[in-house]
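Protein chains: 2
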Amino acid sequence: MTKGVTKQSVDFAKWYTDVVKKAELADYGPVKGTMIIRPYGYSIWENIKSAADTMFKETGHVNAYFPMFIPESFMKKEAQHVEGFAPECAVVTHGGGKKLDEPLYIRPTSETIIWAAYKKWINSYRDLPLLINQWANVVRWEMRTRLFLRTTEFLWQEGHTAHSTAKEAEEEALQMIDVYRKLAEDVLAIPVYVGPKTDAEKFAGAVTTYAIEAMMKDKKALQAGTSHYLGQNFAKAFDVTFLNQNNVQEYVYATSWGVSTRLIGGLILSHGDDKGLILPPKVAPFQVVIIPIWRGDEAKTGVMEKVEQLTAELKVKNIRFFVDDNEQMSPGWKFHQWEMKGAPIRIEIGPKDVEKNQVVLARRDKQGKEFLPFEKAGQRVFELVDIIQKELFENAKKFRDENTIHVETYEELKKVIDNGGFAKGFWAGDGEAEEKIQKETKATIRCIPFDQKDGKGKCLLTGKPADKIAIFAKSY
Amino acid sequence: MTKGVTKQSVDFAKWYTDVVKKAELADYGPVKGTMIIRPYGYSIWENIKSAADTMFKETGHVNAYFPMFIPESFMKKEAQHVEGFAPECAVVTHGGGKKLDEPLYIRPTSETIIWAAYKKWINSYRDLPLLINQWANVVRWEMRTRLFLRTTEFLWQEGHTAHSTAKEAEEEALQMIDVYRKLAEDVLAIPVYVGPKTDAEKFAGAVTTYAIEAMMKDKKALQAGTSHYLGQNFAKAFDVTFLNQNNVQEYVYATSWGVSTRLIGGLILSHGDDKGLILPPKVAPFQVVIIPIWRGDEAKTGVMEKVEQLTAELKVKNIRFFVDDNEQMSPGWKFHQWEMKGAPIRIEIGPKDVEKNQVVLARRDKQGKEFLPFEKAGQRVFELVDIIQKELFENAKKFRDENTIHVETYEELKKVIDNGGFAKGFWAGDGEAEEKIQKETKATIRCIPFDQKDGKGKCLLTGKPADKIAIFAKSY
Numbered sequence: 007m008t009k010g011v012t013k014q015s016v017d018f019a020k021w022y023t024d025v026v027k028k029a030e031l032a033d034y035g036p037v038k039g040t041m042i043i044r045p046y047g048y049s050i051w052e053n054i055k056s057a058a059d060t061m062f063k064e065t066g067h068v069n070a071y072f073p074m075f076i077p078e079s080f081m082k083k084e085a086q087h088v089e090g091f092a093p094e095c096a097v098v099t100h101g102g103g104k105k106l107d108e109p110l111y112i113r114p115t116s117e118t119i120i121w122a123a124y125k126k127w128i129n130s131y132r133d134l135p136l137l138i139n140q141w142a143n144v145v146r147w148e149m150r151t152r153l154f155l156r157t158t159e160f161l162w163q164e165g166h167t168a169h170s171t172a173k174e175a176e177e178e179a180l181q182m183i184d185v186y187r188k189l190a191e192d193v194l195a196i197p198v199y200v201g202p203k204t205d206a207e208k209f210a211g212a213v214t215t216y217a218i219e220a221m222m223k224d225k226k227a228l229q230a231g232t233s234h235y236l237g238q239n240f241a242k243a244f245d246v247t248f249l250n251q252n253n254v255q256e257y258v259y260a261t262s263w264g265v266s267t268r269l270i271g272g273l274i275l276s277h278g279d280d281k282g283l284i285l286p287p288k289v290a291p292f293q294v295v296i297i298p299i300w301r302g303d304e305a306k307t308g309v310m311e312k313v314e315q316l317t318a319e320l321k322v323k324n325i326r327f328f329v330d331d332n333e334q335m336s337p338g339w340k341f342h343q344w345e346m347k348g349a350p351i352r353i354e355i356g357p358k359d360v361e362k363n364q365v366v367l368a369r370r371d372k373q374g375k376e377f378l379p380f381e382k383a384g385q386r387v388f389e390l391v392d393i394i395q396k397e398l399f400e401n402a403k404k405f406r407d408e409n410t411i412h413v414e415t416y417e418e419l420k421k422v423i424d425n426g427g428f429a430k431g432f433w434a435g436d437g438e439a440e441e442k443i444q445k446e447t448k449a450t451i452r453c454i455p456f457d458q459k460d461g462k463g464k465c466l467l468t469g470k471p472a473d474k475i476a477i478f479a480k481s482y
Numbered sequence: 007m008t009k010g011v012t013k014q015s016v017d018f019a020k021w022y023t024d025v026v027k028k029a030e031l032a033d034y035g036p037v038k039g040t041m042i043i044r045p046y047g048y049s050i051w052e053n054i055k056s057a058a059d060t061m062f063k064e065t066g067h068v069n070a071y072f073p074m075f076i077p078e079s080f081m082k083k084e085a086q087h088v089e090g091f092a093p094e095c096a097v098v099t100h101g102g103g104k105k106l107d108e109p110l111y112i113r114p115t116s117e118t119i120i121w122a123a124y125k126k127w128i129n130s131y132r133d134l135p136l137l138i139n140q141w142a143n144v145v146r147w148e149m150r151t152r153l154f155l156r157t158t159e160f161l162w163q164e165g166h167t168a169h170s171t172a173k174e175a176e177e178e179a180l181q182m183i184d185v186y187r188k189l190a191e192d193v194l195a196i197p198v199y200v201g202p203k204t205d206a207e208k209f210a211g212a213v214t215t216y217a218i219e220a221m222m223k224d225k226k227a228l229q230a231g232t233s234h235y236l237g238q239n240f241a242k243a244f245d246v247t248f249l250n251q252n253n254v255q256e257y258v259y260a261t262s263w264g265v266s267t268r269l270i271g272g273l274i275l276s277h278g279d280d281k282g283l284i285l286p287p288k289v290a291p292f293q294v295v296i297i298p299i300w301r302g303d304e305a306k307t308g309v310m311e312k313v314e315q316l317t318a319e320l321k322v323k324n325i326r327f328f329v330d331d332n333e334q335m336s337p338g339w340k341f342h343q344w345e346m347k348g349a350p351i352r353i354e355i356g357p358k359d360v361e362k363n364q365v366v367l368a369r370r371d372k373q374g375k376e377f378l379p380f381e382k383a384g385q386r387v388f389e390l391v392d393i394i395q396k397e398l399f400e401n402a403k404k405f406r407d408e409n410t411i412h413v414e415t416y417e418e419l420k421k422v423i424d425n426g427g428f429a430k431g432f433w434a435g436d437g438e439a440e441e442k443i444q445k446e447t448k449a450t451i452r453c454i455p456f457d458q459k460d461g462k463g464k465c466l467l468t469g470k471p472a473d474k475i476a477i478f479a480k481s482y
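So the sequence lines, in the order shown, correspond to chains A and B.
Every position in the first sequence, counted from 1, becomes a number in the working numbering once 6 is added.
Every position in the second sequence, counted from 1, becomes a number in the working numbering once 6 is added.
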């Protein structure tokens, strides 16, 4: 089942699919573009979800659940939104054996149904802010799909907040893109560029879209999360007003923000290698896998005693562990299997180790083995969980920084994009200029990063004075 | 917003809807039969989910996610299943702006799509058992809907397990109905009768369906969870075989089991009163609500100091609390509001209490107030959380037992059903006999309880010898 994967250098796209399938993260569903998230993949999602949900609650948000059926008439209320989303919707036309009077769209995102509800709930400034998130499945009918990265149905969270001032809503949108930055960098160990999208790339219905953009190991960009300041667009479309503190009716200000199971794709593409997946300890289903080795019952007793002693200590230390004592598989097969599945740490305990009162420890992210006195094993695992998390991030950041090249001219940009990598350079172009670049190089502006240290310069395309650097890349 | 609810004695159905809306648990969605679960209601669901998920994992299950789109051809593979479910499905006929070649059913339950996947994953007895659960939304096109109790879309979990022997699968189905019993009784404080359904009432595709059945305050029954032994029905429909230990190909044995957001309806109907909701502490979003009372800033400082002292202690004790310091609402309004929302415990602290170094404590489930020395407040809350949980269960059990009447004849049964209550009596009838009773009394057999203490007797309808008691009731 876990014969090796295609090498990254041979066929990166095939390597990716091999890892997803052989690490038992996901499988294709029967309907084109759908995905089954298998238990090992879902456990990663549970860890991501739990970390994100905690951050949302710490920033004052609460969860709710809205229906997935959106009446066709709702979808059509916000002009840009319907244009952006209606063409990729799945539509229910029959229910309970009958044709429906009005077709129902399955949510591609929930702004419309949520703002229809907010109209009922918001009357006065006293009802604001409303800070609601939902964990849900959404459907977007995609032509070219890839497991986790782009599937017809996917799991995500979508925050939808309502505010009494533009300033407060803008601050919320900025706060949430920073929450996503932390989720990506501190939990997934994926460094990201953070900043607004250009108008050409923003969400259908947004005033401003902020994004976190990561570099994958093939040097392509992955948009890993977005946060939108929606202004009063949806409030106007759904006629949601409130009585402000000066007793004047005003339209409500909005944000929305989301991350999805796509993040699991980002994890694989950021950290994986030719042996398979490499998981950051914070999201790994098992931070350490213990493989007891023995022949004969006598040896087994001694080994399993040690294993139990160690797991008792790991439990106290809140380490997620798995003891792979399956007797039908060889130790070698198990080593291979858990490398494929990206377990951060592996510990072997055999009769010789019992004799020497030691364990053998191997890190997934590094070559070599450590031979540790048995008493130190638990503490070493506890330390390594943090160390590996940090080093995975640092390695990914080093890789990204080395492959983000400053360009002064369009020719330089083309070269960078051709060779693979992110091109960053001064930009004062418009949507048309962006389109020209996309057409000629397949690269788009990923974001205008908040982090602008380069002062002023000349637009790489037009030569006009420019005070902002933009980041260009081919993307997933 | 929180003016009182209709009295239970005046219009029980209206009382229920009033509570759901005024406690801000849920609201109607725009599509008929759909429901918005509001943050307060969703927080209850999160607590139920977390308790259930822990129990599932403790019994060896893992979570996964399967697509919600089921090809029409899959639905048709198991004859009883399609007959039972196809008429109440929502059907997607268009996607991405085009008519689909094959209509897609939105899952009413996931046996078919999951067993199609199991076919790929199961080859040998080494692959068994497969113990998978999923948390998901499902759709059943219902004619008569009621918030939480019966909605077109609802949230649930569905376990789907695969086994190498009938015995093991039967034990799994029994284990899971007992997990549900514990969830209902120990977490929701809802006593339940547990046992198999009759053939007439079982799941479409099951060999045996086990149910937990609860009595609501209007003395009607609520089916609160079911666990099905599916035999080889789905394995045969999807051709899922495995090589057993004797090297023989055999069809796989299956179970499935589920509970849903309906449980929230059960909570309301089991514990609520004319002041609104009453929540068991284990699922209450806030186990205690603290209401500081003051006029003037000086008084405020003293009161809020005490509040902070108390909440610091509650945090250490892992108590979920909320401080309602909203200055726009009066204490009286807040008392009323938190009674409506069913918070188990309320604590008031005003300037006089600060002076006397005391707090005022009120239980939602009992009349009267306790005046406690400040130092004892935290500990008292800690104790009350368990006491209230236990007493709510005991009261509900007393009510149910008092209203479960032993009947010897059909006349007696009719009388019990007419007056309201559960009728239990010896039963040796068949499906036809059941249908007659349902037609004439609107009562159905809720289950044949495992707990059979009455020895042998005569069937209440036919007079034939019978060795089992059945429970009859009108139901939700």
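Even glycine gets a Cβ: it sits at the ideal position worked out from N, Cα and C.
On a predicted model such as this, the values are computed, not experimentally measured, just so you know.
Under three-state DSSP, which class holds residue i?
| i | result |
| --- | --- |
| B/D473 | coil |
| B/W483 | Residue 483 of chain B lies beyond the residue range present for chain B, which begins at 7 and ends at 482; the question has no answer from this structure. |
| A/T415 | coil |
| B/M41 | strand |
| A/V254 | coil |
| B/K28 | helix |
| A/F456 | coil |
| A/V322 | helix |
| B/N69 | strand |
| B/V193 | helix |
| A/Q14 | coil |
| A/P93 | helix |
Apart from the five residues just before and just after residue i, which ones in its own chain have a Cβ nearer than 6 angstroms to its Cβ?
| i | result |
| --- | --- |
| B/E381 | none |
| B/P340 | Strictly speaking, residue 340 of chain B in this sequence is Lys, with Pro absent from that position. Closer than 6 angstroms at the Cβ level, and outside the excluded window around B/K340, lie I297, D330. |
| A/P109 | E78, V97, T99 |
| B/M7 | Caution applies to B/M7, whose pLDDT of 46 falls short of 50 and renders its modelled position unreliable; the value that the coordinates give is listed next. No residues qualify anywhere along the chain. |
Would you mind stating whether residue i and residue j have Cβ atoms separated by less than 8 angstroms?
| i | j | result |
| --- | --- | --- |
| A/F80 | A/A122 | yes |
| A/A230 | A/V198 | yes |
| B/F399 | B/I325 | no |
| A/I296 | A/F327 | yes |
| B/A175 | B/A260 | yes |
| A/E333 | A/D371 | no |
| A/K474 | B/D33 | no |
| A/R156 | A/E164 | no |
| A/K375 | A/V365 | no |
| B/V29 | B/G282 | The sequence shown places Ala at residue 29 of chain B, not Val. Yes, they are a contact pair. |
I'd like the list of long-range same chain contacts for residue i, defined as Cβ closer than 7 angstroms, with 5 residues on each side in sequence excluded.
| i | result |
| --- | --- |
| B/T307 | none |
| A/C465 | F432, W433, A434, G435, A472 |
| A/Q444 | T450 |
| B/F377 | Q364, V366 |
I'd like to know whether the C-beta of residue i is nearer than 8 angstroms to at least one C-beta of chain E.
| i | result |
| --- | --- |
| B/G35 | No chain E appears in this structure, whose protein chains are A and B. |
Excluding sequence positions up to five away, which residues of its chain have a Cβ less than 8 angstroms from the Cβ of residue i?
| i | result |
| --- | --- |
| A/V468 | According to the sequence shown, residue 468 of chain A is Thr rather than Val. Counting only Cβ-Cβ distances below 8 angstroms, and skipping sequence neighbours, we find A434, G435, A439. |
| B/V289 | I50, N53, I54, A57, V193, L194, L273 |
| B/L316 | I296, I353, I355, V365, F380, A383, G384 |
Query - Proximal residues, the stretch 307-336 of chain B versus chain A, C-beta separation under 8 angstroms - result: Q334
Query raised in the report: Between the stretch 67-79 of chain A and chain B, which residues of the former have a C-beta closer than 7 angstroms to a C-beta of the latter?
Result: Cβ proximity to chain B below 7 angstroms picks out V68, N69, A70, Y71, F72, P73, M74, F75, P77 from the stretch 67-79 of chain A.
Query raised in the report: Just by C-beta distance, which residues in the stretch 438-456 of chain B are closer than 8 angstroms to chain A?
Result: none
Requested in this report: Quick one: which residues of the stretch 41-56 of chain A get their C-beta closer than 9 angstroms to a C-beta of chain B? List them in chain order.
Outcome: M41, I42, I43, R44, P45, Y46, G47, Y48, S49, W51, E52
Query raised in the report: Between the stretch 80-99 of chain B and chain A, which residues of the former have CB atoms less than 9 angstroms from a CB of the latter, in chain order?
Result: F80, A92, P93, E94, C95, A96, V97, V98, T99
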